[in-house]
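Going by the working numbering, the sequence shown runs without a break in its numbering and finishes at 612.
Each remark here refers to the structure printed beneath this line.
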Amino acid sequence: MSDYNQDKLTADVVAAFAKTPDPRLREIMSALVKHLHAFAREVDLTPEEWLAGIRFMTATGQISTEKRPEFILLSDTLGLSMMIVSLAQARASGARGATEATEATVEGPFYWPGAPDLPLGTDIGEGVPGEPTLYLGRVTDCDGKPLAGALLDVWSGDGDGKYDVQLSDAPTMKARGRFRTDAEGRYWFWSIRPTYYPVPDDGPVGAMMRITNRNIYRPGHIHMQVSAPGHVMLTTHIFVGGSPYIDEDAVFGKRDSLVVDFDKHPPGKAVDGREMKAPYHSASFDFRLAPAALKAAA
Ligand code: BEZ
Ligand code: FE
């Protein structure tokens, strides 16, 4: 009689990784094998179903390019990206940072390094479809102390739900800029109020979303990376309060603490002194950065 059984198979595969020199890689591979085998057993996976899974992953790889990272989209839509973001924030900032710092969320595929450094108050929404919006607030530490010279690297889609990189094969930067807070930690700039948009749905992940009846839209949001020396860099969004899909973000990135009311104003002088001929919005949000972990003495 064969000594084969499913538990022994799992144990044999885990044992095959036992000589992995890097202990962290050994831990990851062992856990991966155990969870994969447990998954197959839980759903009693058939050969045909596993082949369909392999075909799906092959298609995901085949469509992927630098500009079209389909595996990242898969990770996003399975909620794995947000799980990793949440683990990273807790790990990097410790208990206090995890509870008192501004919540982090997904970076997404549309960050474009090298946005221009601009003076406070610049309008990065000029020529971009969408309703004008004044973004303003402060960057502080977890005690509320203002952080002067903190960097905000900002990007968003437009009022039609499109990012600059989606508009042409040779795009120019739009609705992007880098701002530094003033001596009181304040920032302000103009852009447009972004709207909801679908995640790219013309590939295998889109097919997965359709056959599972999943929502493919993200609520309106503007992305920020906020950094200051001695503090943990924060990648987050401000979400547009009341946006369609605000409670069913396709990538599970929405956090209640990041949802902001975009107040509507009639034409006139805005708080930064800009004379507005048309109605506009303002969105006020303060960022709190966690202290960087102290390095252990060498
Ligand atoms: C974004 O917000 O830019 C985004 C995030 C995840 C998937 C697709 C888009
Ligand atoms: Fe986005």
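Here a beta-carbon is modelled for each residue, glycine too, at the ideal position from N, C-alpha and C.
On a predicted model such as this, the values are computed, not experimentally measured, just so you know.
Open item on the list: Just to confirm the assignment, what range does the alpha helix (DSSP H) spanning W504 have?
Closed with: DSSP places W504 in no alpha helix (DSSP H) but in the uninterrupted beta strand (DSSP E) bounded by R500 to I506.
Task: Any chain B beta carbon closer than 8 angstroms to E362 - done: Structure shown: chain B not included; a single protein chain is present.
Open item on the list: Please report the distance separating the alpha-carbon of L434 from that of T413.
Closed with: 29 angstroms
Open item on the list: Is any non-hydrogen atom of the ligand BEZ found closer than 7 angstroms to the C-beta of D390, if you look at the structure I gave you?
Closed with: yes
TODO: Run the CB neighbour count on A329, radius 10 Å, all protein chains shown included, and call it buried at 16 or more, exposed below.
DONE: Flag for A329 reads exposed.
Open item on the list: Which of the three DSSP states is assigned to V420 in this structure?
Closed with: coil
- [ ] Using three-state DSSP, classify A611 as helix, strand or coil.
- [x] Here the model assigns A611 a pLDDT of 42, short of 50, so the residue's position is not dependable and the matter cannot be decided.
- [ ] Find the nearest neighbour of Y594 within the set D600, A584 and D467, judged by alpha-carbon distance.
- [x] A584
- [ ] Give me the Cα-Cα distance between S344 and W364, rounded to the nearest whole angstrom.
- [x] 21 angstroms
- [ ] Could you pull out every unbroken beta strand (DSSP E) segment of at least 3 residues lying fully inside the segment 468-541, listed in chain order?
- [x] 490-494, 500-506 and 535-541
Task: Per DSSP, cross-strand counterpart(s) of E356 - done: Answer is none; E356 lacks a bridge partner.
Open item on the list: L461 and A406 - do their beta-carbons sit closer together than 8 angstroms?
Closed with: Cβ atoms of A406 and L461: not closer than 8 angstroms.
Open item on the list: Taking the beta carbon of A612 as the centre, do at least 16 other beta carbons fall within 10 Å, making it buried, or is it exposed?
Closed with: Per-residue confidence for A612 stands at a pLDDT of 38, beneath the threshold of 50, marking its modelled position as unreliable; the derived number appears in the next sentence. Its Cβ having fewer than 16 others within 10 Å, A612 is exposed.
Open item on the list: I need the DSSP call for R382, collapsed to helix, strand or coil.
Closed with: coil
Open item on the list: Quick check: does the Cβ of F424 come within less than 7 angstroms of any heavy atom belonging to the ligand FE?
Closed with: yes
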